[in-house]
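For the sequence shown, the UniProt record's numbering gives the first residue as 1, with consecutive numbering after it.
Scroll down for the structure; my scribbles are underneath it.
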Amino acid sequence: MHSVLTTPQWLKSSYSTGQGACVEIAPNFTPTLPLRDSKDPNGPALVFPVASFSAFVSALKADSLTTI
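Pasting the structure below:
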């Protein structure tokens with residue numbers, strides 16, 4: 001299934017500051033999760049399967065990512 005990003009509801013991280021170095025997500029496009037750079041709202045969005053992105057965030061929180 002492909003989602004069309006015509007009316008995303010972008011949300012900014014609660015950890016973001018006023019400095020503009022923020023990631024925004026559009027959670028209303030399940031089963032995918034679009035992400036974008038808040039400094040470039042008209043730029044491209046990276047789109048990940050929700051399950052894959054959740055696994056990535058869990059690995060970050062657990063500090064279980066290995067280095068290459």
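Ideal placement from N, C-alpha and C gives every residue a C-beta, glycine not left out.
Residues bridged to residue i (per DSSP)
{"i": "V57", "result": "According to DSSP, V57 bridges with nothing at all."}
{"i": "P31", "result": "P31 pairs with nothing; no bridge assigned."}
{"i": "D37", "result": "V23"}
{"i": "L11", "result": "I25"}
Boundaries of the beta strand (DSSP E) in which residue i is found, first to last residue
{"i": "P49", "result": "46-49"}
For residue j and residue i, the rounded distance between their alpha carbons
{"i": "Y15", "j": "P31", "result": "24 Å"}
{"i": "S52", "j": "S58", "result": "10 Å"}
{"i": "K39", "j": "P49", "result": "23 Å"}
Exposure label - residue i; buried when at least 16 CB within 10 Å
{"i": "Y33", "result": "Before going further, note that residue 33 is Leu rather than Tyr in the sequence given. Looking at its Cβ environment, which holds 16 or more other Cβ atoms inside 10 Å, L33 is buried."}
{"i": "A55", "result": "exposed"}
{"i": "A26", "result": "buried"}
Tell me, please, whether the region 33-50 touches the region 5-14 by the rule of three or more beta-carbon pairs shorter than 8 Å.
Touching, yes.
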